[in-house]
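This report refers to the structure that appears directly beneath it.
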Amino acid sequence: MADPRTALVLFSGGQDSTVCLAWALSRFQRVETIGFDYGQRHRIELDCRLTVRDALCRAFPAWAARLGDDHVLDLALLGQLSDTALTEARAIEMQANGLPNTFVPGRNLLFLTFAATLAYRRGASVLVGGMCETDYSGYPDCRDNTLKALQVALSLGMDTPMTVETPLMWLNKAQTWALAQALGGAALVDLIVEHTHTCYLGDRSSRHAWGWGCGHCPACELRARGHADFLAGA
């Protein structure tokens, strides 16, 4: 029996959020998706989102029956406030504080707050995000403690239970690929390889065994290494 609640998935069109979307579709009676246009350098992910949704519906008719509306919010102000390699054409490097300059301060906090606001209006009580504390770049807003605290704040602030689900929190990238296989078999793995976008530089000119991307940015390297480890352990 499916969970009767409605889930709202933070869906970027990347590998992690696509696995999260599949996870939600396998569990909840109704699922909607939300994306954010914040002036990201890899804005091509916004185009990939719709392609991935369509591909999922074609490949998994049972999930298609549960997949509801998609929403895209304009958060251009976040990009205007940020001074990062994800919102400007600059080299990706580590900063003096130990964080990579791809860290967009407040991004996940704002994403989840806006998602909760939309969820309240749409009758959804579950927010699903691909935040991960295992294979990540040290982003503080991806930590489990941060998201648990935010779940409490959102529930109190809206005076209604709001659950934040992070199915990838303790998985490395190889395990994320394995979860995709467990959820949808080779069809879902192939779909993720072909249609999702992870590359920080927005490069979709080069096709690799793990998907499209520049192959050398941190996001591509992590995805490639995880895919290789996944195949080695398969």
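Position in the sequence shown (from 1) plus 455 gives the number in our numbering. Where a beta carbon is used, it is the ideal one built from N, C-alpha and C, also for glycine.
Limits of the unbroken beta strand (DSSP E) element including residue i
{"i": "residue 484", "result": "483–492"}
{"i": "residue 631", "result": "Segment 628–650 is the alpha helix (DSSP H) holding residue 631; no beta strand (DSSP E) there."}
{"i": "residue 656", "result": "Per DSSP, residue 656 belongs to no beta strand (DSSP E) and is neither H nor E."}
{"i": "residue 525", "result": "522–529"}
First and last residue of the uninterrupted alpha helix (DSSP H) at residue i
{"i": "residue 622", "result": "Segment: none, residue 622 is in no alpha helix (DSSP H) and carries neither H nor E."}
{"i": "residue 459", "result": "Where residue 459 is concerned, there is no enclosing alpha helix (DSSP H), although the beta strand (DSSP E) it sits in stretches over 458–465."}
{"i": "residue 612", "result": "599–613"}
{"i": "residue 672", "result": "Careful: residue 672 lies outside any alpha helix (DSSP H) and carries neither H nor E."}
{"i": "residue 470", "result": "470–480"}
{"i": "residue 512", "result": "500–514"}
Residue i to residue j span [Cα, whole Å]
{"i": "residue 466", "j": "residue 604", "result": "21 Å"}
{"i": "residue 625", "j": "residue 589", "result": "5 Å"}
{"i": "residue 611", "j": "residue 600", "result": "17 Å"}
{"i": "residue 633", "j": "residue 660", "result": "26 Å"}
{"i": "residue 464", "j": "residue 500", "result": "15 Å"}
{"i": "residue 475", "j": "residue 643", "result": "12 Å"}
{"i": "residue 583", "j": "residue 620", "result": "5 Å"}
{"i": "residue 541", "j": "residue 671", "result": "Only weak support is given to the placement of residue 541: the predicted model assigns it a pLDDT of 48, under 50, and the value that follows is read from those uncertain coordinates. Their backbone Cα atoms lie some 15 Å apart in a straight line."}
{"i": "residue 598", "j": "residue 586", "result": "7 Å"}
{"i": "residue 616", "j": "residue 663", "result": "42 Å"}
{"i": "residue 460", "j": "residue 639", "result": "22 Å"}
{"i": "residue 607", "j": "residue 630", "result": "28 Å"}
{"i": "residue 469", "j": "residue 618", "result": "22 Å"}
{"i": "residue 480", "j": "residue 486", "result": "6 Å"}
{"i": "residue 471", "j": "residue 623", "result": "8 Å"}
{"i": "residue 578", "j": "residue 687", "result": "43 Å"}
Member of the options whose CA lies at the smallest distance from the CA of residue i
{"i": "residue 651", "options": "473, 622, 462, 460", "result": "473"}
{"i": "residue 614", "options": "586, 584, 575", "result": "575"}
{"i": "residue 595", "options": "561, 478, 642, 679", "result": "561"}
{"i": "residue 510", "options": "566, 675, 647", "result": "647"}
{"i": "residue 572", "options": "641, 516, 489, 457", "result": "489"}
{"i": "residue 637", "options": "685, 669, 519", "result": "685"}
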